[in-house]
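Per my numbering, residue 880 is the first one in the sequence shown, and the count goes up by one each step. Note that CB positions come from ideal geometry on N, CA and C, so glycine has one too. Comments concern the structure below.
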Amino acid sequence: MNPGYKLPEVTFHTRVRDDSIGGPNPFKWEDKTTSDYFAGKRVVLFSLPGAFTPTCSTYQLPGYENGFADFAEQGIDAIYCMSVNDSFVMNKWAEAQGINNVKVIPDGSGEFTRRVGMLVNKDNLGFGMRSWRYAAVINDGVVEAWFEEPGLCDNHGEDPYGVSSPETVLNWLKSDASEKAA
C-alpha cells in the first residue's frame, strides 16, 4: 500500500454498549463507516490474523495499548485494531485484554481487508479468510505510512511479526517528526 492511498469506504457492523437495554448483554447494533473512524483524525491502524491468538494477544495489542501516550505525543488521535472477526469476538477480546485506549474494529466479512489487499486464506490453521498482519499511519482517511509484514500469501507457514509492531511504527513517527522539524 502506497502513501497517498485513500482508504475504501466500507460499513462495519459493530455492537456498542447501551445501558438503557439492561440485562446481561446491554449492546445494540450500530453501523460505522470508514469515514466515522478515520475522517479528520490522524490514527494508527493495525490489523492482525485473529483475536485471542498468541502473537496478537501477547505482543501486538498490549504493545499498542501500553504505548498509547507515546503515540499521542507524536500527534496520533486514536489507535485502532482491526481483524476479520465479528463484533462479538472483538468486543470480548478487548474486554479480556483490559483494553481502554485502543479501539477495536470488526471487519467480520473481510470487506475492508479485501479492498486494501490484505485478505489471505489461512485454511492451514483452520481460520478461513483472515487479515495479513500490517499497520498504517492514516491521516484523514489517507495512508501516510504502511508497515506490512513480509511474505504476504495464502496459507503462510509462519506468522511474521516485527514490521507492524508498535515499536516500529512509533520509531517511524518519531523520525518523521524529526525530519519535519529539521
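CB-CB under 7 Å to residue i, same chain, minus the five flanking residues each way: which ones, in chain order?
i: R1009; result: P928, G929, V963, V999 and K1001
i: E909; result: T893 and V895
i: E888; result: T912, T913 and S914
i: Y916; result: Y959 and I984
Give every residue of the same chain whose Cβ lies closer than 6 Å to the Cβ of residue i, excluding the five residues on either side of it in the sequence, and list them in chain order.
i: V987; result: Inspection of the sequence shows that residue 987 is occupied by Gly rather than by Val. Answer for G987: D965, listed in chain order.
i: S926; result: M961, S1010 and Y1013
i: K907; result: D897
i: V1022; result: M880, P882, Y884 and A1015
i: D1033; result: V999 and N1000
i: C935; result: L927
Give me the residue from the options with the minimum Cα distance to residue i.
i: R896; options: A1015, P905 and E888; result: P905
i: T913; options: A973, I984 and K1059; result: I984
i: S1044; options: E1058, K1059, N1034 and F1026; result: F1026
i: V981; options: N970, P1039 and G989; result: N970
i: A973; options: P903, Q939, R994 and A948; result: Q939
i: I958; options: G902, F967, I1017 and V995; result: I1017
i: N1050; options: D949, V968, F917 and P941; result: D949
i: G942; options: G902, G1041 and K1059; result: G1041
Below 8 Å CB to CB, which residues in the same chain sit around residue i once its five sequence neighbours on both sides are set aside?
i: G1036; result: N1003
i: R994; result: P887 and V889
i: G1020; result: K885, L886, T913, S914, F917 and A918
Work out the CA separation of residue j and residue i for me, nearest whole Å.
i: K1053; j: I955; result: 11 Å
i: I900; j: A1024; result: 41 Å
i: E1028; j: T890; result: 26 Å
i: F1006; j: T932; result: 11 Å
i: V922; j: P903; result: 33 Å
What residues are listed by DSSP as bridge partners for residue i?
i: N920; result: For clarity, residue 920 is Lys in the given sequence; the question names Asn instead. Answer is none; K920 lacks a bridge partner.
i: M1008; result: N1000
i: E909; result: T893
i: S962; result: L927 and P985
i: E1027; result: Y1013
i: N1018; result: R921 and V1021
I think residue i touches residue j, with their Cβ atoms under 8 Å apart; what is that distance to the nearest whole Å?
i: I978; j: E944; result: 5 Å
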